[in-house]
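So in the UniProt record's numbering, spot 150 of the sequence shown is number 150, and the numbers just go up one at a time. Beta carbons: idealized from backbone N, C-alpha and C, even for Gly. Note that this is a predicted model, so its numbers are computed, not measured. Accompanying notes for the structure given below.
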Amino acid sequence: MTTRADPRLDLSCETSGLQPRPPGTFEVLAQAPGSPARAGRLWTAHGPIDTPCFMPVGTYGAVKGLDTDDLREVGAQIILGNSYHLGHRPGAARVAALGGLHRMMAWDRPILTDSGGFQVFSLRGLQKIDDAGVSYQTHFDGSRHRMTPESVLGTQAALGSDICMILDHCPPADAEPALIRAAVERSTRWAEEAARRRGEILQPGQLCFAIVQGGTDVGLRREHLAALKDLPFDGLALGGLSVGEPIPEMHATMAAIGPEMPQDRPRYVMGIGTPHDLLAAVSSGIDMFDCVMPTRHARNGQLFTFAGRLNIRQSRFRDDDAPVDAACRCRCCTRYSRAYLRHLHEQNEPLFGRLATIHNLYFYQQWVGALRRALRSGRFEALRSEFSSVISNAYAGGAEPEGDEGGLASAAAPAPEPA
């Protein structure tokens with residue numbers, strides 16, 4: 001397939017020329033001295049993933065506004081799809097008949113799909129949970145459906161996902177302790193069922209990850225981890241974070257549980273986050289993460305740089321001929337000015353969303369790639385020391401779009417070299 005990507009911009013080029021390994025093989029390639037932070041490599045049926053890695057979110061089988069050449073160009077090694085949405089529209093059977101999700105979207109690298117459980121449990125008043133699964137009405141047409149540990153694996157088998165997430169019960173952040181414990185116990189039973197049935201449901205080479213719940217109760221998280229870690233899953237995830245709990249509590253939970261997750265399998269935190277969150281996750285020994293933030297914020301006019309978040313909607317950019325970040329090598333920054341981007345945004349021109357998303361995803365891949373390379377070269381603590389104040393000051397405030405946070409001169413915070 002022809003690609004527009006300049007090979008010099010392939011931030012995932014670490015994987016080139018490797019001898020293939022069986023899907024599910026996970027190698028720890030480097031460990032930061034005195035720290036849980038590590039770099040590794042996970043092999044899938046569609047190739048390797050160098051960790052730590054960030055997964056762009058492609059809910060409907062597409063990262064909004066981008067094609068797969070764009071994704072390769074920004075350095076995405078793996079993307080995330082949503083089996084709830086894809087399972088209903090266009091339907092898992094239809095995707096399978098079209099050759100699977102990879103073929104349908106022309107993406108030859110790995111895909112992770114979530115179970116869809118988070119979306120179903122978010123349907124307040126439209127779902128009823130029992131110990132065997134959950135019955136629900138869809139939010140888009142009101143039709144009635146049933147989700148079980150077996151059915152979510154069957155959907156992901158049809159989609160052809162490389163990494164399949166099991167069904168778990170994710171309670172809201174403000175749930176009472178008794179509800180959180182009940183959700184953990186239910187999730188354990190569902191995990192045991194998924195572990196028992198995965199071999200007969202999933203296709204050869206498809207990997208399967210379990211999900212540790214427990215809110216910000218570290219003791220309950222440890223209990224759930226103990227119940228799951230000996231089951232035959234290829235990786236473990238922390239779910240139920242970044243759902244409204246205070247950010248310091250989220251980071252403290254990752255710091256406590258991340259290092260205790262099995263060393264020989266990949267560790268994934270679902271649904272985070274800011275560049276500050278990613279640094280906290282990597283420092284806690286986490287290997288994989290995903291979030292809609294870089295793509296959603298891009299469409300809202302928020303552009304990420306190593307000097308903070310730039311709000312392109314501000315009138316002061318109307319005549320600004322500089323790029324978003326003079327040090328950035330993405331297609332947006334090497335070709336277009338802030339003034340042009342502001343004009344596109346002001347006119348609701350779809351091109352703005354495409355260019356802004358390219359920039360934000362490139363920034364995320366550059367940041368995670370720099371952490372990955374620092375781990376491999378033994379410079380992780382030095383890089384964290386150099387950039388933690390900038391990243392923390394600029395992005396510790398959370399996920400909501402904010403205004404301009406500072407001078408935003410690239411020279412004030414030079415970007416680390418990409419991996």
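For L375, the uninterrupted alpha helix (DSSP H) run begins and ends at P350 to S377, by DSSP. Here the alpha carbon of Q366 sits roughly 13 Å from the alpha carbon of D50.
Look at Q119 here: in three-state DSSP terms it is helix.
By the neighbour-count definition (other C-beta atoms within 10 Å, threshold 16), D70 is a buried residue.
DSSP places L344 in the helix class (H, G or I) of the three-state scheme.
The DSSP assignment places 288-290, 302-305 and 308-311 as complete runs of the beta strand (DSSP E) inside the region 278-346, in order along the chain (cut-off: 3 residues). The way I'd put it, the region 141-157 doesn't touch the region 176-183; fewer than three beta-carbon pairs between them come closer than 8 Å.
Around the CB of T25, fewer than 16 other CB atoms lie within 10 Å, so the residue is classed as exposed.
When P350, G91, T59 and Q127 are compared, the shortest CA-CA separation from I79 is found for T59. Excluding five sequence positions before and after E193, the CB atoms of its chain that fall closer than 6 Å to its own CB belong to P149, given in chain order. Only residues of its own chain outside the window of five on either side were considered, and among them A37 have a CB closer than 6 Å to the CB of S283, listed in chain order. With fewer than 16 other Cβ atoms inside 10 Å of its own Cβ, F140 counts as exposed. A Cβ-Cβ contact shorter than 7 Å links A96 with A158.
At the C-beta level, Q213 and G244 stay beyond 7 Å of one another. Between the C-alpha atoms of K229 and V269 there is a straight-line separation of about 15 Å. When DSSP states are grouped into helix, strand and coil, R221 belongs to the helix group.
Going by beta carbons, I358 and C333 fall outside the 7 Å limit. For A237, the three-state secondary structure derived from DSSP is strand.
A distance below 6 Å between beta-carbons, with the five flanking residues on each side excluded, links Q127 to the following residues of its chain, in chain order: V120, V134 and Y136. Going by beta carbons, I272 and S315 fall outside the 7 Å limit.
Beta-bridge partners assigned by DSSP to S392: none are found. Fully enclosed beta strand (DSSP E) runs of no fewer than 3 residues occupy 26-31, 38-44, 47-51 and 53-55 of the region 18-77, in order along the chain.
One thing to note: M288 has its Cβ no nearer than 7 Å to the Cβ of P259.
For G133, the secondary structure class from DSSP, reduced to helix, strand or coil, is strand. Using a 10 angstroms sphere on the CB of Q302, the tally of other CB atoms reaches 16 or more, which defines it as buried. Counting along the chain, the unbroken beta strand (DSSP E) around I211 starts and ends at L207 to V212. Close CB contacts of P232 within its chain, under the 7 Å cut and outside five residues either way in sequence, are with A195 (chain order).
In the three-state scheme derived from DSSP, where H, G and I count as helix and E and B as strand, V243 is classed as coil.
In the three-state scheme derived from DSSP, where H, G and I count as helix and E and B as strand, G258 is classed as helix. Among the bridge pairs identified by DSSP, M147 is matched with V134. Under the DSSP definition of a beta bridge, G99 lacks any partner. In the DSSP assignment, Q127 is bridged to Y136. Between Y364 and C328 a beta carbon distance of about 12 Å is seen, past the 8 Å cut, so the two are scored as non-contacting. For R196, there is no enclosing beta strand (DSSP E); the residue is part of the alpha helix (DSSP H) that begins and ends at P177 to I201.
Residues S83, G87 and A92 of the same chain have their beta carbon placed closer than 6 Å to that of T155, with the five preceding and five following residues left out of the count. Under the three-state reduction of DSSP output, M165 falls in the strand class.
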